[in-house]
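Novice: Pasting a structure here, questions to come.
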Amino acid sequence: MEKKVREVLETMRPALQQHGGDVELVEVTDDKVVKVRLKGACSGCLMSCLTLKIGIEESLKSKIPEIKSVEAV
């Protein structure tokens, strides 16, 4: 599953990088929680919660339905 998550995150990176940010996969837990680190401008952005939940989590869940949630670490 980690490989699939990385592939999906790679498709999102250009949009994040366009705004000076980035995302890094930290781990996929045994209970299917994806842990990511928001980097660059995303790490201090007030919109980072929306980016995480609406952007990253929804995209990952739509392509990999078995994912339970996405958390920033």
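For the sequence shown, position 60 matches number 191 in this note's numbering, and the numbering has no gaps at all. Even glycine gets a Cβ: it sits at the ideal position worked out from N, Cα and C. Here the structure is a predicted model, which is why all the values come from computation and not from measurement.
1. What three-state label does DSSP hand Lys-170 in the structure shown?
2. Alpha carbon to alpha carbon, how far is Glu-202 from Lys-134?
3. Leaving out five residues before and five after Leu-191 in sequence, what residues of the same chain have Cβ atoms less than 7 Å from its Cβ?
4. Can you tell me where the alpha helix (DSSP H) with Glu-138 in it begins and where it stops?
5. Indicate the three-state DSSP secondary structure (helix, strand or coil) for Glu-197 in the structure shown.
Specialist: Well, looking at it:
1. Here Lys-170 carries a strand assignment [DSSP, helix/strand/coil].
2. 18 Å
3. Val-136, Val-139, Val-165, Ile-198 and Val-201
4. 133-149
5. coil
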